[in-house]
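Q:
Number of protein chains: 2
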Amino acid sequence: MTKDKTPLKSIDIKDYLKSVKALTDRLLNRYLPAEDMFPSTLHKAMRYSVLAGGKRIRPILAYSSYQYCDGNVDGEDLPIHFAMAALEMVHTYSLIHDDLPCMDDDDLRRGMPTCHKKFGEAAAVLAGDALHDVAFNLLASTGSNKVVVELAKAIGTFGMIGGQMADVEAEGKNITREDIINIHCRKTGALLSSSVRIGAMLAEADKKTMEKLSTYGEKVGLAFQIIDDILDIEGDQNLLGKNVGSDSENQKATYPKAVGIEVAKSDAHTLINEAVSVFDEFDDNILIHLAQYIAQRNK
Amino acid sequence: MTKDKTPLKSIDIKDYLKSVKALTDRLLNRYLPAEDMFPSTLHKAMRYSVLAGGKRIRPILAYSSYQYCDGNVDGEDLPIHFAMAALEMVHTYSLIHDDLPCMDDDDLRRGMPTCHKKFGEAAAVLAGDALHDVAFNLLASTGSNKVVVELAKAIGTFGMIGGQMADVEAEGKNITREDIINIHCRKTGALLSSSVRIGAMLAEADKKTMEKLSTYGEKVGLAFQIIDDILDIEGDQNLLGKNVGSDSENQKATYPKAVGIEVAKSDAHTLINEAVSVFDEFDDNILIHLAQYIAQRNK
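From first to last, the protein sequence lines are chains A and W.
Using our numbering, count along the first sequence one by one with no gaps and you end on 499.
Using our numbering, count along the second sequence one by one with no gaps and you end on 499.
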């Protein structure tokens, strides 16, 4: 695959992100159970947390990768639509459980009270469980077993959940660059990278493209979390919608804590460059612009 | 399907249960991540809870149903094996979350400290999440999307998780027979019934057999939970491996609370009879014996 993909000559990356985010919000609204259906509290808690906003970066990565691989985007309830909603639901489930008092004990998320603050702990545990479940239902509905297995691996003990456990265990400890790369690649990187891969799988990408996009996804995934850590130190609380400085307060293992903030910035920059360099020199595609946007994000 | 299935003339139901339980334990041991793999705490917590024992009734129902439908049982790592392990993992995940302080706050399960008592709350939340995930990975590995969707529906907000939410919300309230049937059919019945259906699906049962077995599963599923409620009043704590009287202490909604213990016993009996009556009058198969065993269980 050497030709130019999804050229952006006349597309602004912000417009593109806005439109895919709007599509994601519509899909989430459609695939989440209605609030007036029994048990209402649970459905309210699920919808509250998922529809509270957020960057929708995982569905955007999946959709961009799918488009890069020439996947068909015409029609309603396409497999890629199921996958986009599933990825965001899985992400939200992990945030709900991560925010619980026994985990990070966070009160604020996306500028609003966290799920357990609003609905109580029992409902928050179950809302997370339920979103996890709906996500697998949606992914299985794509008709592709491969993507179900892909997601299960990305968010299991060798991926996201394993990273969360390692993250909890690393609190208050001295950690090396190797440790934090291991935690970040699992906790955040695995799902971000998997989003790129799932998009490509649903577009039936060839093996070579899959490999290229896997590398892209891994690099962007790690960079994303390093930048998250940096924003927790230097970011604007109003833009972020969550408390700044909470990592330091909770003695979390972060990339800047391991290597210092300047090296963290430089490593994030290098990773973005490496992600972009999987594409040909004169290529100009949406995934390149997306990586550059992630590098410059302030929320 | 009118002919006699899996005749038990020379098979003792207890021997049968023992052998399928042993098979299930072997499968669980094989498909759970090893304790010495990173993150070790999480894998220890998962294995601790899953391998603590238990009746393995869901894998047994799936296997019996699969055998009833002439599914092939020769070989290693068959789709039915993946499904059996997945069903028990999903059940264990629900118990771990159900036992949390913010839910039922139970200290004892299967005669041992509950997962959060042993490993702490954060590890317990994540161990439940991880088992939920491994289960879907295993089910997708059967190659059948249908069984993934079947399980997701059974354990989602219109099934198990919805039942758990309704159960939490019903604490301390007066409830009718209709309410408790609604809670029990979701919280316990849906997964038990789905176990029967998944076994039949993997054996490629015809539509008529699926309908028959669905009815069987629903009846047995509800009867199982009614008997569970009765055992919480009249059972032997040593045999059960959990505290007797905890439902009453926690002001839980139970079947005997709604209708009285005598009516509860009679209703359970009727349900078992109805379950068995889906089969022909002179039929003698493992599912009949299993239903009768469930009716008489004391643990």
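Just so it is clear, CB atoms sit at the ideal spot from N, CA and C, and this is done for glycine as well.
If you're wondering where the values come from, they're calculated on a predicted model, not measured in any experiment.
(1) Based on DSSP bridge pairs, tell me the residues matched to M312 (chain A).
(2) Mind listing, in chain order, the continuous beta strand (DSSP E) runs of no fewer than 3 residues lying wholly within the segment 233-317 of chain W?
(3) Roughly how many angstroms lie between the CA atoms of S265 (chain W) and R397 (chain W), to the nearest whole one?
(4) Tell me whether M273 (chain A) is buried or exposed, calling it buried when 16 or more other Cβ atoms sit within 10 Å of its Cβ.
(5) Taking C-beta pairs closer than 7 Å, name the residues in chain A that P233 (chain W) reaches, listed in chain order.
(6) Using DSSP with H/G/I as helix, E/B as strand and the rest coil, what is V478 (chain W)?
(7) Considering only the alpha carbon of each residue, which of A:I257, A:V325, A:V347 and A:I260 lies closest to E321 (chain W)?
(8) When you measure from the CB of A340 (chain W) to every non-hydrogen atom of the ligand GDP, does any distance come out below 7 Å?
(9) Do you know how far the Cα of I494 (chain W) is from the Cα of M401 (chain W)?
(10) What does the alpha-carbon distance come out to for the pair L487 (chain A) and L391 (chain A)?
(11) Which same chain residues end up closer than 8 Å to P301 (chain A) when comparing Cβ atoms and leaving out the 5 residues on each side of it in sequence?
(12) Spatial neighbours of L242 (chain W) within its chain, please: CB distance less than 7 Å, with the 5 preceding and 5 following residues excluded, ordered by chain position.
(13) Could you compute how far the alpha carbon of I426 (chain A) sits from the alpha carbon of P456 (chain A)?
(14) So what's V459 (chain A) in DSSP terms, helix, strand or just coil?
(15) Which term fits S466 (chain A), buried or exposed, when burial requires 16 or more other beta carbons within 10 angstroms of its beta carbon?
(16) Whether or not the segment 458-472 of chain W and the segment 428-437 of chain W are in contact is what I'm after, with contact meaning three or more pairs of Cβ atoms, one per stretch, closer than 8 Å; do they touch?
(17) Within 10 Å of its beta-carbon, does E276 (chain W) have 16 or more other beta-carbons around it, so buried, or fewer, so exposed?
(18) Is the Cβ of L300 (chain W) closer than 8 Å to any Cβ of chain A?
(19) Please list, in chain order, all residues of the same chain as K296 (chain A) whose beta carbon is under 7 Å from its beta carbon, the five residues on each side excluded.
(20) Is V348 (chain W) near A340 (chain A), with beta carbons less than 8 Å apart?
(21) Which of the residues in the segment 373-391 of chain A, read from start to end, lie with their CB under 7 Å from any CB of chain W?
(22) Buried or exposed, going by whether 16 or more other CB atoms sit within 10 Å of the CB of N485 (chain W)?
(23) Extract the residue ranges of the alpha helix (DSSP H) inside the segment 337-413 of chain A, only unbroken runs of 4 or more that lie entirely within it.
(24) Within a Cβ cutoff of 6 Å, which residues of the same chain sit near I380 (chain A), ignoring the five residues on either side of it in sequence?
(25) CA-CA distance, Y416 (chain W) and A475 (chain W)?
(26) Kindly indicate which three-state DSSP category L208 (chain A) falls into: helix, strand or coil?
(27) Using CA coordinates, which residue listed in W:S446, W:D367 and W:V478 is at the minimum distance from D306 (chain W)?
(28) Would G362 (chain W) and P239 (chain A) be called neighbours here (beta carbons separated by less than 8 Å)?
(29) Does any residue of chain A have a CB that is nearer than 8 Å to the CB of N450 (chain W)?
(30) What residues in the segment 255-268 of chain A have a beta carbon less than 9 Å from any beta carbon of chain W?
(31) To be precise: take each residue of the segment 359-370 of chain W, compare its Cβ to all Cβ atoms of chain A, and keep it if any distance is under 7 Å. Which residues remain?
(32) For G253 (chain A) and chain W, any beta-carbon pair shorter than 8 Å?
(33) With a 10 Å radius around its C-beta and 16 neighbouring C-beta atoms as the bar for buried, classify S393 (chain A) as buried or exposed.
(34) Applying the 10 Å Cβ sphere with the 16-neighbour rule, what's the burial state of K419 (chain W)?
(35) Considering only their Cβ atoms, is the gap separating T342 (chain W) from A283 (chain W) smaller than 8 Å?
(36) Compute the beta-carbon to beta-carbon distance between L232 (chain W) and R247 (chain W), rounded to the nearest angstrom, for a pair I have assumed lies under 8 Å.
A: By the coordinates alone:
(1) Numbered from 1 along the first sequence, position 112 holds the residue referred to as residue 312 (chain A). BP columns for M312 (chain A) point to A:R309.
(2) Counting only runs of at least 3 residues, the segment 233-317 of chain W fully encloses no beta strand (DSSP E) element at all.
(3) On the second sequence, position 65 is the one that residue 265 (chain W) refers to. On the second sequence, position 197 is the one that residue 397 (chain W) refers to. If you draw a straight line from the Cα of S265 (chain W) to the Cα of R397 (chain W), it comes to about 8 Å.
(4) Residue numbering aside, residue 273 (chain A) sits at position 73 when the first sequence is read from its first letter. The question names Met, yet the displayed sequence has Val at residue 273 (chain A). The Cβ neighbour count for V273 (chain A), taken over all protein chains shown within 10 Å, is under 16; the residue is labelled exposed.
(5) Taking the first residue of the second sequence as 1, we reach residue 233 (chain W) at position 33. In chain order: T357.
(6) Here residue 478 (chain W) corresponds to residue number 278 of the second sequence, with the count starting at 1. V478 (chain W) sits in coil when the DSSP states are folded into three classes, being neither helix nor strand.
(7) As a first step, residue 321 (chain W) is located in the second sequence; it is residue number 121 there, counting from the start. Ranking A:I257, A:V325, A:V347 and A:I260 by Cα distance to E321 (chain W) puts A:V325 first.
(8) With respect to the ligand GDP, the structure shown offers nothing to examine, as it has no ligands at all.
(9) Your numbering for residue 401 (chain W) matches position 201 in the second sequence. Your numbering for residue 494 (chain W) matches position 294 in the second sequence. Rounded to the nearest whole angstrom, the C-alpha separation of M401 (chain W) and I494 (chain W) is 23 Å.
(10) Residue 487 (chain A) sits at position 287 when you count from the first residue of the first sequence. Residue 391 (chain A) sits at position 191 when you count from the first residue of the first sequence. Straight-line Cα distance between these residues: approximately 16 Å.
(11) Numbered from its first residue, the first sequence carries residue 301 (chain A) at position 101. Closer than 8 Å at the Cβ level, and outside the excluded window around P301 (chain A), lie H316 and E321.
(12) To locate residue 242 (chain W), count along the second sequence from 1; it is residue 42. Only residues of its own chain outside the window of five on either side were considered, and among them A323, L326, A327 and A330 have a CB closer than 7 Å to the CB of L242 (chain W), listed in chain order.
(13) Walking along the first sequence from the start, residue 426 (chain A) turns up at place 226. Walking along the first sequence from the start, residue 456 (chain A) turns up at place 256. When rounded, the distance between both Cα atoms is 8 Å.
(14) Residue mapping note: residue 459 (chain A) aligns to position 259 of the first sequence, counting from 1. Helix, per DSSP.
(15) Position 266 of the first sequence holds residue 466 (chain A). With fewer than 16 neighbouring CB atoms inside 10 Å of its own CB, S466 (chain A) falls in the exposed class.
(16) Result yes; three or more Cβ-Cβ pairs closer than 8 Å.
(17) Indexing the second sequence from 1 puts residue 276 (chain W) at position 76. The residue in question, E276 (chain W), is exposed, as its Cβ has fewer than 16 Cβ neighbours within 10 Å.
(18) Stepping through the second sequence from its first residue, residue 300 (chain W) is reached at position 100. It does: the Cβ of L300 (chain W) has a partner Cβ on chain A nearer than 8 Å.
(19) Counted from its first residue, the first sequence places residue 296 (chain A) at position 96. The sequence given here has Ile at residue 296 (chain A), not Lys. Closer than 7 Å at the Cβ level, and outside the excluded window around I296 (chain A), lie S249, C315, A324, A327 and G328.
(20) Position 148 of the second sequence, counted from the first residue, corresponds to residue 348 (chain W). Position 140 of the first sequence, counted from the first residue, corresponds to residue 340 (chain A). At the C-beta level, V348 (chain W) and A340 (chain A) come within 8 Å of one another.
(21) Of all residues in the segment 373-391 of chain A, none is placed with a Cβ closer than 7 Å to any Cβ belonging to chain W.
(22) Within the second sequence, the letter at position 285 stands for residue 485 (chain W). Label assigned to N485 (chain W): buried.
(23) Those alpha helix (DSSP H) runs which fall completely within the segment 337-413 of chain A and span 4+ residues are 345-355, 360-370, 377-384 and 390-402.
(24) Start at 1 with the first residue of the first sequence, and residue 380 (chain A) comes out as number 180. Result list for I380 (chain A): A453, Y455 and A458, in chain order.
(25) As a first step, residue 416 (chain W) is located in the second sequence; it is residue number 216 there, counting from the start. As a first step, residue 475 (chain W) is located in the second sequence; it is residue number 275 there, counting from the start. Between Y416 (chain W) and A475 (chain W), the C-alpha separation is close to 4 Å.
(26) Mapped onto the first sequence, residue 208 (chain A) falls at position 8. Unreliable placement is indicated for L208 (chain A), whose pLDDT of 49 sits below 50; the coordinate value is still reported in the next sentence. In the structure shown, L208 (chain A) sits in coil (DSSP, three-state: anything other than H, G, I, E or B).
(27) Along the second sequence, read from residue 1 onward, the residue named residue 306 (chain W) stands at position 106. With distances taken between Cα atoms, D306 (chain W) lies closest to W:S446.
(28) Reading the second sequence from its first residue, position 162 is the one you call residue 362 (chain W). Reading the first sequence from its first residue, position 39 is the one you call residue 239 (chain A). Yes, they are a contact pair.
(29) Residue numbering aside, residue 450 (chain W) sits at position 250 when the second sequence is read from its first letter. Not closer than 8 Å to any Cβ of chain A, the Cβ of N450 (chain W) fails to qualify, so no.
(30) Listed by position along the chain: nothing, the set is empty.
(31) The segment 359-370 of chain W vs chain A, Cβ under 7 Å: I361, G362, Q364, M365, A366, V368 and E369.
(32) Position 53 of the first sequence, counted from the start, is the residue given in the question as residue 253 (chain A). Closer than 8 Å to the CB of G253 (chain A) there is not a single CB belonging to chain W.
(33) Against the first sequence, residue 393 (chain A) aligns to sequence position 193. By the neighbour-count rule (16 or more Cβ atoms within 10 Å), S393 (chain A) is buried.
(34) Start at 1 with the first residue of the second sequence, and residue 419 (chain W) comes out as number 219. That one is buried.
(35) Start at 1 with the first residue of the second sequence, and residue 283 (chain W) comes out as number 83. Start at 1 with the first residue of the second sequence, and residue 342 (chain W) comes out as number 142. For A283 (chain W) and T342 (chain W), yes; Cβs fall inside 8 Å.
(36) Translated into positions along the second sequence, residue 232 (chain W) becomes position 32. Translated into positions along the second sequence, residue 247 (chain W) becomes position 47. Contact between L232 (chain W) and R247 (chain W) is confirmed by a C-beta separation of about 5 Å, below the 8 Å threshold.
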